[in-house]
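Once you know that position 216 of the sequence shown is 268 in this note's numbering, the rest is easy, because the numbers rise by one and skip nothing. In this text, a Cβ means the ideal position worked out from N, Cα and C, and glycines have one as well. This one's a predicted model, so the numbers in the text were calculated from it and none came from an experiment.
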Amino acid sequence: MEYNLEQEQAYAYWMENVYGLGRKSRWELTEAAGSPKAVYEMAVEEWQAFLPEKKAEALKKAKEEWEAGTVEERYRQLGKAGIRYLSNLHPDYPQRLRKIPDPPFGIFLRGQLPSEQEPAVAVIGARECSEYGRSMAGKVAEALAEKGISVISGMARGIDGISQWTALRAGGNSYAVLGSGVDVCYPEENRNLYEALKSKGGILSEYLPGTQPKPGFFPMRNRIISGLSDVVLIVEAREKSGTLITADMALEQSREVYVVPGRLTDPLSRGCNRLIKQGAGILISIEEMLEETGMVPDSGRKQKPGRQSVEGGGQTAGQAEKAGIFHYLDYYPKSTEQLREESGMGYREIICELTELCMENKVKQISPGQYAKKERGEN
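Right under this line is the structure:
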């Protein structure tokens, strides 16, 4: 009989819905039978040769509930809901994921898949990040977008969401991997980012639509974030955090791990600094990281693209903090002479703006002639 790809996808989707049947069992059954449809057509005794009795009974029950016509109809309904399902048998299943340990049996998708030809960097970090972390997440994401490099992350609060918003605004591509179904926006506060990613990027998950987030789902989804990426870049991380789990998974997948270094006294930088001690790459500049990792950005996107308008995503470029010298300040002190060299502004203009920013409690004077941005909540 001629192989029918869409039909096989329908039966792979059926296998995803069998309660208690994990990835390993789905892989083993498909390999033994030759295809998902062939698994459906196996007798209970054949299932029992590969599975414990409880799992074989679950398959029997699912087969009774999903008659052959129902399997294909439910699969069509999934497509009508705007969700695409790609089992590992589908040619569009991400090639990067095929090569990792414990790849997903299948991927649910809203929007687009990351391009196989386009380099990708995972930008991840702390949910409760500092102003320094927010600033660095934005800077690295914008630099990556300008070079035609996709930003992969988890759409979480903090570093993840900031990097993805910035990449989209800079005209780049970004893709989120969720620890829930692709139709479940979590956290809800990132609803606008979720909607933007659907139309200007993609949302992926190995969990069934409708699946609500659970703590145990996030470590597993992190292997997909790193798996879809060529490099994992960590902006901020505490010494014991889920972000470091992603770093471990990235190393198991032979991915390069880079970190943004931080001050020794900052708890949010301890995880990054610990990774440096263990041999992770230190981010000095995006250009240097790309050179060291052998990533070749798209030569057609060397010029900075126009910023896209993404509604509801917080402030845009036109709504950013006070234009002028504020743009050149950092959370580490800079001298007025350094600011003059970087900005090309006159000394009098710089002093006037710094004075105003200090009065607005956005900037602090560290010592005579030395200024830095204030972190949120700092008096």
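Pairing residue 68 with residue 78 gives a Cβ-Cβ distance under 9 Å.
Between the segment 228 to 238 and the segment 303 to 321 there are fewer than three inter-stretch CB-CB distances shorter than 8 Å, so the stretches are not counted as touching. When C-beta atoms of the segment 248 to 263 are compared with those of the segment 207 to 226, three or more pairs fall below 8 Å, so the two segments count as touching. Here DSSP, grouped into helix, strand and coil, assigns residue 172 to strand. The beta carbons of residue 290 and residue 315 sit about 14 Å from each other, so the pair does not count as a contact at 8 Å.
Checking the DSSP bridge columns, you'll see residue 424 partnered with 416. Taking the C-beta atoms as reference points, residue 135 is found no nearer than 9 Å to residue 149. Here residue 238 carries a coil assignment [DSSP, helix/strand/coil].
Ranked by how close their Cα comes to the Cα of residue 263, the residues 282, 274, 233 and 378 have 233 in first place.
Note on geometry: alpha-carbon atoms of residue 257 and residue 419 lie some 50 Å from one another. Ranking 142, 261 and 173 by CA distance to the CA of residue 286 puts 173 first. Rounded to the nearest whole angstrom, the C-alpha separation of residue 163 and residue 424 is 41 Å.
Residue 203 is positioned such that its CB atom lies no closer than 9 Å to that of residue 177. Selection 270, 268, 260 and 211 evaluated against residue 242 yields 211 as nearest (Cα-Cα).
In this structure, the CA atom of residue 191 is about 41 Å from the CA atom of residue 127. Apart from sequence neighbours up to five positions away, the residues of its chain that approach residue 313 with a beta-carbon distance below 8 Å are 321, 324, 325, 328, 334 and 335, ordered along the chain. For residue 109, the secondary structure class from DSSP, reduced to helix, strand or coil, is helix. Rounded to the nearest angstrom, the gap between the Cα atoms of residue 86 and residue 61 is 13 Å.
Only residues of its own chain outside the window of five on either side were considered, and among them 378, 381, 406, 409, 423, 424, 425 and 426 have a CB closer than 8 Å to the CB of residue 415, listed in chain order. Looking at 100, 76, 104 and 65, the one whose alpha-carbon comes closest to that of residue 122 is 65.
Nearest neighbour of residue 214 by Cα position, chosen from 188, 310, 59 and 200, turns out to be 188. Remark: C-beta atoms of residue 141 and residue 111 do not approach each other more closely than 9 Å. In the displayed model, residue 141 falls within coil according to three-state DSSP, outside both helix and strand. One alpha carbon belongs to residue 413, the other to residue 276, and they sit about 41 Å apart. Contact between residue 179 and residue 133 is ruled out by a C-beta separation of about 29 Å, above the 8 Å threshold.
Note on residue 194: 16 or more other CB atoms within 10 angstroms of its CB, so buried under the neighbour-count rule. When only Cα atoms are considered, residue 95 and residue 201 end up about 48 Å apart. A Cβ-Cβ contact shorter than 9 Å links residue 165 with residue 146.
Looking from the CA of residue 102, the closest CA among 118, 83 and 120 belongs to 83. Taking C-beta atoms as the reference points, residue 265 and residue 236 count as a pair closer than 9 Å.
By DSSP's assignment, residue 254 forms a beta bridge with 163 and 227.
DSSP places residue 283 in the strand class (E or B) of the three-state scheme. When rounded, the separation of the alpha-carbon atoms in residue 331 and residue 270 is 25 Å. With respect to the 9 Å criterion, residue 347 and residue 283 are classified as neighbours on the basis of their beta carbons. Proximity to residue 183 across 411, 421, 394 and 384 peaks at 384, based on C-alpha coordinates. In the structure shown, the three-state DSSP call for residue 136 is strand.
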